[in-house]
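By the working numbering, the letter at position 75 of the sequence shown is numbered 75, and the numbering carries on one by one without gaps. Idealized CB from N, CA, C, for every residue including glycine. Owing to the predicted nature of the structure, the values given are computational and were not obtained by experimental measurement. Please read the structure below before turning to the comments.
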Amino acid sequence: MSTLAGLLALAGALFALAGSLGLLTLGSFYERVHPPTLGTTFGSALLLAACAIHSSSVEGRLVLHFLLIGVFMTLTTPVTFVVLMRAALHRDAAEGRDLLAPVQRTPTGPVEQSGE
Numbered sequence: 001m002s003t004l005a006g007l008l009a010l011a012g013a014l015f016a017l018a019g020s021l022g023l024l025t026l027g028s029f030y031e032r033v034h035p036p037t038l039g040t041t042f043g044s045a046l047l048l049a050a051c052a053i054h055s056s057s058v059e060g061r062l063v064l065h066f067l068l069i070g071v072f073m074t075l076t077t078p079v080t081f082v083v084l085m086r087a088a089l090h091r092d093a094a095e096g097r098d099l100l101a102p103v104q105r106t107p108t109g110p111v112e113q114s115g116e
């Protein structure tokens, strides 16, 4: 069991690292918000599973309080993501940058429509 917990913890740490690197390397806010949300959420889930397995094997009984942490993370992360995206869209609209303008597709690639 200890080996499984170690492998899950390592995999979770690697996912969290990938999300953190995405946060550092991508350019705009809209690009940077996705990797941490996805990578660290899955990485944290793997770490919580590792903690539950390790604690259960050490104490000799099933330890489930880590599931409660996982439930709260599963509920709060998407809500926070949506709130951040809406706030950024509102800020951009207030500054005159309309990122939701329709995009017309052409054979050579997407072309933004002018604000006529």
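Range covered by the alpha helix (DSSP H) that runs through residue i
{"i": "E95", "result": "From DSSP, E95 is part of no alpha helix (DSSP H); its letter is neither H nor E."}
{"i": "L4", "result": "S2 to T25"}
{"i": "V58", "result": "T41 to E59"}
Classification of residue i by the beta-carbon crowding that lies within 10 angstroms, buried from 16 upward
{"i": "T76", "result": "exposed"}
{"i": "H54", "result": "buried"}
{"i": "P35", "result": "buried"}
Proximity test, Cβ basis, 9 Å: residue i and chain B
{"i": "F72", "result": "The chain inventory of the structure shown lacks chain B, comprising one protein chain alone."}
Beta carbon of residue i nearer than 9 Å to that of residue j
{"i": "L84", "j": "G70", "result": "no"}
Cβ distance (whole Å) where residue i is taken to contact residue j below 8 Å
{"i": "G6", "j": "G22", "result": "That belief does not hold up - the Cβ atoms of G6 and G22 are roughly 25 Å apart, past 8 Å."}
{"i": "F72", "j": "V33", "result": "Not really, about 20 Å apart at Cβ, beyond 8 Å."}
Any contact of the segment 37-49 with the segment 9-18, i.e. 3+ C-beta pairs under 8 Å?
-> yes
On the three-pair Cβ rule with 8 Å, is the segment 79-98 touching the segment 24-36?
-> yes
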